[in-house]
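Trainee: In terms of UniProt numbering, the sequence shown opens at residue 1 and continues consecutively.
By construction, the Cβ of each residue, glycine as well, lies at the ideal position given by its N, Cα and C atoms.
Since we're looking at a predicted model, the values are computed, not measured.
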Amino acid sequence: MDSIAFYEKFTAYVKELNTSKDIAAIEPQDNLFELGYVDSMNMVNIIMFLEELRGEEIALEKYELRTFYTMESMYQELLAVKLGK
1 MDSIAFYEKF TAYVKELNTS KDIAAIEPQD NLFELGYVDS MNMVNIIMFL
51 EELRGEEIAL EKYELRTFYT MESMYQELLA VKLGK
């Protein structure tokens, strides 16, 4: 999966999690926590979503919280490395 496909899929998923918010577009560098699109409650769902895309469990102790701030950092640190991109 390339970064564009990931961004589209992730944005759609975040919109599903935030049905009460009007999310027009999320840029790859947007801080999802600061914008209120991600909080501690739905972070568990996002981690499970990312694990499904990776095809394996994410060893959370290997990553800093900042990894989950943006779509770009999630893709680069969790998927691109795994996919050899």
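Tell me, to the nearest whole angstrom, how far the beta carbon of ARG54 is from that of LEU17; I am working on the premise that it is less than 8 Å.
Mentor: LEU17 and ARG54 do not touch by the CB rule: their CB atoms are close to 19 Å apart, not below 8 Å.
Trainee: Are the Cβ atoms of PHE33 and TYR75 separated by less than 7 Å?
Mentor: no
Trainee: Helix, strand or coil, according to DSSP, for TYR13 in the structure here?
Mentor: helix
Trainee: Output the distance between the C-alpha atoms of SER3 and LEU35, rounded to the nearest integer angstrom.
Mentor: Their Cα atoms are separated by approximately 21 Å.
Trainee: Would you mind reading off the limits of the alpha helix (DSSP H) that contains ASN45?
Mentor: 40-54
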